[in-house]
Amino acid sequence: MLVNLLSNAVKFTPDGGRVDVRATRRDGEIHLSVRDTGVGIAPEDRALIFEEFQQASAGRQAEASTGLGLSLARKLVELHGGRIWVESEIGKGSTFTVALPIAAVAT
7 MLVNLLSNAV KFTPDGGRVD VRATRRDGEI HLSVRDTGVG IAPEDRALIF
57 EEFQQASAGR QAEASTGLGL SLARKLVELH GGRIWVESEI GKGSTFTVAL
107 PIAAVAT
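In structure tokens:
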């Protein structure tokens, strides 16, 4: 799941951009965030990107994609009792955050 989020961040971030990973403990959960300074995700795409076979606009590289990565990430997170969401602004980048209960992380 984390590898998929990192892969997407790299794919949609131009050369010279940043990809940051952060982990914080908050309210009985571990929050893992992957933030990039990439192209961002349009509001109309945000509702779809966690669905199977859905893709946002093309990244900086002409890579083949099945559109399954974020769907699988969401399913894995939910199997552990967690949540995943995205915050994004066109031209400024995106932050994907995974929140997992501490108990799920410890097992």
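Just add 6 to wherever you are in the sequence shown, counting from 1, and you've got our numbering.
Heads up, the beta-carbon is just placed ideally off N, CA and C, and yes, glycines get one too.
Residue i (DSSP reduced to helix, strand or coil)
| i | result |
| --- | --- |
| residue 106 | strand |
| residue 51 | helix |
| residue 87 | coil |
| residue 27 | strand |
| residue 16 | helix |
| residue 75 | helix |
| residue 9 | helix |
Distance CB(residue i)-CB(residue j) smaller than 8 Å
| i | j | result |
| --- | --- | --- |
| residue 96 | residue 46 | yes |
| residue 58 | residue 74 | yes |
| residue 52 | residue 13 | no |
| residue 1 | residue 99 | No information on residue 1 is available, as it lies outside the stretch 7 to 113 that the chain covers here. |
Whole-angstrom C-beta distance between residue j and residue i, which should lie under 8 Å
| i | j | result |
| --- | --- | --- |
| residue 76 | residue 55 | 5 Å |
| residue 7 | residue 79 | 4 Å |
Per DSSP, cross-strand counterpart(s) of residue i
| i | result |
| --- | --- |
| residue 36 | 31 and 106 |
| residue 45 | Paired residues: none, contrary to the question. |
_Would the region 38-48 count as touching the region 14-30 if we require 3 or more Cβ pairs under 8 Å?_
Contact check between the region 38-48 and the region 14-30: three or more CB pairs, one atom from each, fall below 8 Å, which counts as touching.
*Indicate whether the contact test is met: 3 or more Cβ pairs, each with one atom in the region 81-97 and one in the region 12-22, closer than 8 Å.*
No: fewer than three Cβ pairs fall under 8 Å.
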